[in-house]
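Novice: Everything in the sequence shown is counted per numbering that gives the first Met the number 0, starting at 0 for the first residue and increasing by one.
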Amino acid sequence: MRADTYTTIKVLMTGLVLAVLVNLPFYAWIFNKKWDWATGFPLGWLGAGMVYMATFFHEIGHTFFMWYYGYPTIPMFDFQHGGGLALALSEQQVGIIIFVWAGFVFGIWYFRENLFMQIVLGLLLLLNFATAFNRFHTVGMDFGGPAFEPLVAGFLLFRAIFDLAPRGIFERFLNAFFGFGLIIQVFINAYGLIKSEAFRLVYYEQKGTHGFGDFDKIAQTLFWDFQEVVMVWVVLAALCLVIPFLLPMFISTNKIEEF
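(1) What's the call for Q79, buried or exposed, on a 16-neighbour Cβ count within 10 Å?
(2) Here's a check: name, in chain order, each residue in its chain whose Cβ is nearer than 6 Å to the Cβ of L155, leaving out the five neighbours to either side.
(3) Could you compute how far the alpha carbon of F172 sits from the alpha carbon of A47?
(4) Tell me whether D35 is buried or exposed, calling it buried when 16 or more other Cβ atoms sit within 10 Å of its Cβ.
(5) When we look at the beta-carbon of W44 and count the other beta-carbons within 10 Å, is it buried (16 or more) or exposed?
(6) Grab the span of the beta strand (DSSP E) containing G102 for me, first residue to last.
(7) Buried or exposed, going by whether 16 or more other CB atoms sit within 10 Å of the CB of P165?
(8) What are the boundary residues of the beta strand (DSSP E) that G83 is part of?
(9) In whole angstroms, what separates the C-alpha of L163 from that of G207?
(10) Would you call P243 buried or exposed, if buried means 16 or more other Cβ atoms sit within 10 Å of its Cβ?
(11) Cutting at 8 Å between CB atoms, please list the residues of its own chain near T72, excluding the five before and the five after it.
(12) By DSSP's criteria, F76 is part of a beta bridge. Which residues make up the other side?
(13) What whole-angstrom Cβ distance do P74 and I59 have, given they're in contact under 8 Å?
(14) For I8 and M230, I'd like the C-alpha separation in whole angstroms.
(15) How far does the alpha helix (DSSP H) with L114 in it reach, from first residue to last?
(16) Residues in the same chain with beta-carbon distance under 7 Å from R158, minus the five sequence neighbours each way, listed in chain order, please.
(17) Use the C-beta contact count for E148: other C-beta atoms within 10 angstroms, 16 or more gives buried, fewer gives exposed.
(18) Could you pull the start and end residues of the alpha helix (DSSP H) that D224 belongs to?
(19) Going along the chain, which residues of its own chain have a beta-carbon closer than 8 Å to the beta-carbon of G153, five neighbours each way excluded?
(20) Can you tell me whether E90 is helix, strand or coil according to DSSP?
(21) I need the boundaries of the alpha helix (DSSP H) containing W34, first residue and last residue.
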């Protein structure tokens, strides 16, 4: 076995094992397990850190898609009700949407020699055209938060697998640790929403309201079943977990660095 392959396996396995351990307090909380060994120091503290990391990226995802649809927004932690909040500062602003369109058009021109980037930017531009001024844009804003968690995790795993961490093996390990950890947390969260009535009720009554959760709002907008919306999130997380491991079959590290 080549030394670089052995190092990659070692980093990924270490990150996976520790990610599982750090997520045990989250599992214990959702399913009301009396695991004092998991909920106390140090696992409980590390688990809380992983939850806040997921919350951070969750709110960044909401913020990105709200700006994308013309809502000036700032992300923040919600210390009153727990979790986080993406606070819109005003109603939808057409001027922001026009600026977004101009940005995508410029990006398509700027990456005129990179077909992949042109396709990505073109699809984002078409999506905005198609949904910005109808009810479906709220689905994008609501799902953007949950979706950003596994998307960031997949990117971190990608960096760990291709050794793209510029500050050495510890940063590579952190990419693997948080990459696995965020995706495992998605799976635990989704399993709790589907299987635990108590956790489902907590989710439904979050922020001191009823039906304020992202998946509740999406289900209402699309007239879908709540569990169907959650399963879309699970499928996305599974893809973000699997795809980074399939990429080495089709693309080399050298090509990634050139890109």
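Don't be surprised by glycine CBs; every beta carbon is placed ideally from N, CA and C.
Specialist: Considering the structure as presented:
(1) Mapped onto the sequence shown, residue 79 falls at position 80. Q79 is exposed by the Cβ-count criterion.
(2) For the purposes of this step, residue 155 is taken as residue 156 along the sequence shown, with counting starting at 1. If we look at L155 and ignore the five residues flanking it on each side, its Cβ neighbours are N174, F177 and G178.
(3) The count along the sequence shown starts at 1 and reaches residue 172 at position 173. The count along the sequence shown starts at 1 and reaches residue 47 at position 48. Cα to Cα, F172 sits roughly 19 Å from A47.
(4) Translated into positions along the sequence shown, residue 35 becomes position 36. Classification for D35: exposed.
(5) The residue given as residue 44 occupies position 45 in the sequence shown. Taking all protein chains shown into account, W44 has fewer than 16 neighbouring C-beta atoms within 10 Å of its C-beta and is therefore exposed.
(6) One-based indexing of the sequence shown puts residue 102 at position 103. From DSSP, G102 is part of no beta strand (DSSP E) but of the alpha helix (DSSP H) over V93 to Y109.
(7) Counting from one through the sequence shown, the residue named residue 165 turns up at place 166. That one is exposed.
(8) Position 84 of the sequence shown holds residue 83. It spans G83 to A87 - the beta strand (DSSP E) in which G83 sits, taken as one unbroken run.
(9) If you number the sequence shown from 1, residue 163 lands on position 164. If you number the sequence shown from 1, residue 207 lands on position 208. Cα to Cα, the separation comes out at about 43 Å.
(10) Here the question's residue 243 lines up with position 244 in the sequence shown. Label assigned to P243: buried.
(11) As a first step, residue 72 is located in the sequence shown; it is residue number 73 there, counting from the start. So the list reads H61, T62, M65, W66, A85, L86, A87 and L88, once near-sequence residues are dropped.
(12) Counted from its first residue, the sequence shown places residue 76 at position 77. G83.
(13) Locating residue 74 in the sequence shown gives position 75, where the first residue counts as 1. Locating residue 59 in the sequence shown gives position 60, where the first residue counts as 1. Confirmed, Cβ separation roughly 6 Å.
(14) For the purposes of this step, residue 8 is taken as residue 9 along the sequence shown, with counting starting at 1. For the purposes of this step, residue 230 is taken as residue 231 along the sequence shown, with counting starting at 1. Whole-angstrom Cα-Cα distance: 30 Å.
(15) The sequence position of residue 114 within the sequence shown is 115, counting from 1. Where L114 is concerned, the enclosing alpha helix (DSSP H) stretches over L114 to T130.
(16) Numbered from 1 along the sequence shown, position 159 holds the residue referred to as residue 158. Contacts found: A164 and N174.
(17) As a working note, residue 148 is residue 149 in the sequence shown. E148 should be labelled buried.
(18) Residue mapping note: residue 224 aligns to position 225 of the sequence shown, counting from 1. That residue, D224, is in no alpha helix (DSSP H); it is neither H nor E in DSSP.
(19) Position 154 of the sequence shown, counted from the start, is the residue given in the question as residue 153. Excluding sequence neighbours, G153 sits near G178, I182, L238, C239, L240, I242 and P243.
(20) By 1-based counting over the sequence shown, the position of residue 90 is 91. Coil, per DSSP.
(21) Counted from its first residue, the sequence shown places residue 34 at position 35. Neither: W34 is in no alpha helix (DSSP H) and is coded neither H nor E.
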